[in-house]
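Residue numbers (this note's numbering): 438 to 577. A virtual CB, placed ideally from N, CA and C, is assigned to each residue, including glycine. Below is one structure; the comments refer to it alone.
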């Protein structure tokens with residue numbers, strides 16, 4: 438199922454077809470109705486895909502310099518990388534680190550504990566105000 442930033446889903450199955458990596462969801466429409474059923478990658482898989490896409494884009498953007506990048510890449514492959522010291526390993530493993538690419542955000546539908554103000558503007562403001570006053574005089 439394709440989706441974009443801002444879409445809201447109701448997750449019904451976190452082990453779709455008994456496999457890890459996909460969630461069965463319903464897309465929630467404007468009236469809080471379940472509009473469309475489908476599958477999306479789970480959080481870990483979505484973060485992997487975002488990281489891979491970012492790296493591919495970054496590689497594509499940096500690969501256009503020709504000869505200069507060839508020598509830079511060759512030189513960088515011969516460097517030794519430093520390993521993480523044992524004293525810092527626990528910090529990395531046990532930390533609640535936030536991903537570089539947060540995939541999803543948990544949302545909950547809530548009702549405000551107060552009456553929200555209503556402002557009516559435009560050509561029909563007088564008619565709308567009169568209608569609201571006649572239909573619900575205790576609220577307006």
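Whole-angstrom distance between residue j and residue i, CA atom to CA atom
{"i": "residue 463", "j": "residue 473", "result": "5 Å"}
{"i": "residue 451", "j": "residue 458", "result": "8 Å"}
{"i": "residue 448", "j": "residue 544", "result": "11 Å"}
{"i": "residue 439", "j": "residue 455", "result": "22 Å"}
{"i": "residue 550", "j": "residue 556", "result": "19 Å"}
{"i": "residue 542", "j": "residue 460", "result": "15 Å"}
{"i": "residue 554", "j": "residue 442", "result": "28 Å"}
{"i": "residue 548", "j": "residue 499", "result": "49 Å"}
{"i": "residue 552", "j": "residue 561", "result": "23 Å"}
{"i": "residue 558", "j": "residue 495", "result": "47 Å"}
Residue i vs residue j beta-carbon contact at 8 Å
{"i": "residue 453", "j": "residue 476", "result": "yes"}
{"i": "residue 577", "j": "residue 569", "result": "yes"}
{"i": "residue 469", "j": "residue 546", "result": "yes"}
Classification of residue i by the beta-carbon crowding that lies within 10 angstroms, buried from 16 upward
{"i": "residue 491", "result": "exposed"}
{"i": "residue 479", "result": "buried"}
{"i": "residue 567", "result": "exposed"}
{"i": "residue 446", "result": "buried"}
{"i": "residue 575", "result": "exposed"}
Same chain, Cβ closer than 7 Å to residue i, five either side skipped, listed in chain order
{"i": "residue 444", "result": "464"}
{"i": "residue 540", "result": "480, 483, 484 and 487"}
{"i": "residue 471", "result": "447, 463 and 465"}
{"i": "residue 573", "result": "none"}
Residues near residue i by beta carbon distance below 8 Å, same chain, minus five either side
{"i": "residue 571", "result": "none"}
{"i": "residue 497", "result": "none"}
One or two residues paired with residue i in a DSSP bridge
{"i": "residue 433", "result": "Here the chain comprises residues numbered 438 to 577, so residue 433 is not present and cannot be evaluated."}
{"i": "residue 478", "result": "459"}
{"i": "residue 471", "result": "465"}
Neighbourhood of residue i by C-beta, 6 Å cutoff - its chain only, sequence neighbours within 5 removed
{"i": "residue 493", "result": "none"}
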